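Chemist: Encoded as structure tokens, here's the structure I'll be asking about.
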Amino acid sequence: MFTLVIRAAGERTAERCRQMVLREVPEEDVHVVELVPFEEALRECYRIGMESGKKWMITIDADVLPRRSFSKKLMKLSARVNPNILMYNGYVHDKLLMKRRRAGFRVYNTSHLAEAFSHIPENGATLRPESHIINCMLERGYEKQNFNYVMGIHDYHQYYRDIYRKSFLHASKHEKQITSLTNAWEKASTKDPDFKVAIRAAADGLSLPVQAKTDATMYDEYAAKALQDLGLREKDEMKKFVHWRWF
Numbered sequence: 002m003f004t005l006v007i008r009a010a011g012e013r014t015a016e017r018c019r020q021m022v023l024r025e026v027p028e029e030d031v032h033v034v035e036l037v038p039f040e041e042a043l044r045e046c047y048r049i050g051m052e053s054g055k056k057w058m059i060t061i062d063a064d065v066l067p068r069r070s071f072s073k074k075l076m077k078l079s080a081r082v083n084p085n086i087l088m089y090n091g092y093v094h095d096k097l098l099m100k101r102r103r104a105g106f107r108v109y110n111t112s113h114l115a116e117a118f119s120h121i122p123e124n125g126a127t128l129r130p131e132s133h134i135i136n137c138m139l140e141r142g143y144e145k146q147n148f149n150y151v152m153g154i155h156d157y158h159q160y161y162r163d164i165y166r167k168s169f170l171h172a173s174k175h176e177k178q179i180t181s182l183t184n185a186w187e188k189a190s191t192k193d194p195d196f197k198v199a200i201r202a203a204a205d206g207l208s209l210p211v212q213a214k215t216d217a218t219m220y221d222e223y224a225a226k227a228l229q230d231l232g233l234r235e236k237d238e239m240k241k242f243v244h245w246r247w248f
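Residue numbers for the sequence shown follow our numbering, so the first one is 2 and each next one is one higher.
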């Protein structure tokens, strides 16, 4: 019923995400795509979906850890959508934005992917390439559906460099929210250095003469400087199993 693609870009949780997925989805139906920029990853994901022979393609970003029994729930949700649906999704609990939001976990109807492929934007043309594709398809009469189901957790246990990149982007994507976010991050930073990095990255995102892009590699130099200034050493690879309180 499903083919599943993990979209990776060196995330600390990439292997943990894959291990959790393999508990529920056969290995031959699980693919890992590690391409940059993100538009190239989208092209490869859509190709996999189109060639899979499956009705549905699940895409999970490698910074998401899925909840237990997610595949059983998705089977039930898939039976509730109409044939004109391009994709449906639920929620993830986002560490940096400190709320539930719709990101990092989608289920596509593979019969519509060929048309969706034609709307993938040029590399670097927009900060939200996947949203651009979906909006183009909605304008052509396709639909999407949102379910009130928490599919996993997002941006927990990441490398500092990825926390930096995400927070730098948040400063561009969520400029109206960034003041309230940084206030909340200040309180959280007393116990969690992830938020110290987030605060620095947001400040850099608002002040540095750099255009934010989805290319994960362009932030490495700035992230390294931030960690040096903050007196932090990059995290080691994740080796222990992760538990969380939401599920």
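Glycine included, every Cβ here is placed at the ideal spot set by N, Cα and C. None of these values were measured; they are calculated from a predicted model.
1. With DSSP collapsed to three states, give me the class of THR180.
2. Closest to LEU98 by C-alpha separation, out of LEU207, VAL31, LYS177, LEU231, would be which residue?
3. Since THR4 and SER70 should fall inside the 8 Å C-beta cutoff, what is the C-beta to C-beta distance between them, to a whole number of angstroms?
4. Based on the DSSP secondary-structure assignment, which residues constitute the bridge partners of GLY153?
5. Below 8 Å, can you find three or more Cβ-Cβ pairs linking the segment 32 to 52 to the segment 102 to 120?
6. List the DSSP bridge partners of LYS100.
7. Quick check: the Cα distance between PHE148 and ASP230, rounded to an integer number of angstroms?
8. The alpha helix (DSSP H) with HIS171 in it runs from where to where?
9. Suppose contacts are defined by Cβ-Cβ distances below 8 Å. Is VAL26 in contact with VAL6 by that definition?
10. Anyone know if the C-beta pair for PHE223 and ASP205 falls short of 8 Å?
11. With a CB to CB cut of under 8 Å and the five nearest residues on each side skipped, what residues in its chain are close to ASN85?
12. Can you check DSSP and say which residues form a bridge with TYR223?
13. Taking ASP62 as part of the beta strand (DSSP E), name the residues at either end of that continuous run.
14. With respect to the beta strand (DSSP E) encompassing TYR109, which residues constitute its N-terminal and C-terminal limits?
15. Which value, in whole angstroms, describes the spacing of the CA atoms of ILE173 and HIS158?
Modeler: So, to answer that:
1. Here residue 180 corresponds to residue number 179 of the sequence shown, with the count starting at 1. THR180: helix per DSSP, three-state reduction.
2. Within the sequence shown, the letter at position 97 stands for residue 98. Measuring from the Cα of LEU98, the nearest candidate turns out to be LYS177.
3. What you label residue 4 is simply residue 3 of the sequence shown in a count that begins at 1. What you label residue 70 is simply residue 69 of the sequence shown in a count that begins at 1. The pair is not a contact, with the Cβ atoms about 19 Å apart (cut-off 8 Å).
4. Here residue 153 is taken as the residue at index 152 of the sequence shown, counted from 1. For GLY153, which the question treats as bridged, DSSP gives the partners PRO67, VAL93.
5. yes
6. On the sequence shown, residue 100 is found 99 positions in, with the first residue counted as 1. Per DSSP, ASP95.
7. Here residue 148 corresponds to residue number 147 of the sequence shown, with the count starting at 1. Here residue 230 corresponds to residue number 229 of the sequence shown, with the count starting at 1. In a straight line, the C-alpha of PHE148 is about 42 Å away from that of ASP230.
8. Start at 1 with the first residue of the sequence shown, and residue 171 comes out as number 170. Here the alpha helix (DSSP H) through HIS171 covers 161 to 174.
9. Position 25 of the sequence shown holds residue 26. Position 5 of the sequence shown holds residue 6. Against a cut-off of 8 Å, the Cβ pair of VAL6 and VAL26 comes out as no contact.
10. Translated into positions along the sequence shown, residue 223 becomes position 222. Translated into positions along the sequence shown, residue 205 becomes position 204. The sequence shown places Tyr at residue 223, rather than the Phe named in the question. Yes, these two residues count as a Cβ contact at 8 Å.
11. Against the sequence shown, residue 85 aligns to sequence position 84. Result list for ASN85: GLY142, TYR143, GLU144, in chain order.
12. Working through the sequence shown from its first residue, we reach residue 223 at position 222. TYR223 pairs with nothing; no bridge assigned.
13. Here residue 62 refers to the residue found at position 61 when the sequence shown is read from its first residue. First-last of the beta strand (DSSP E) with ASP62: 57 to 62.
14. As a first step, residue 109 must be located in the sequence shown, where it is residue number 108. From DSSP, the beta strand (DSSP E) with TYR109 extends over 106 to 110.
15. Numbered from its first residue, the sequence shown carries residue 173 at position 172. Numbered from its first residue, the sequence shown carries residue 158 at position 157. Residue identity differs from the one stated: residue 173 is Ser in this sequence, not Ile. For SER173 and HIS158, the distance between alpha carbons rounds to 23 Å.
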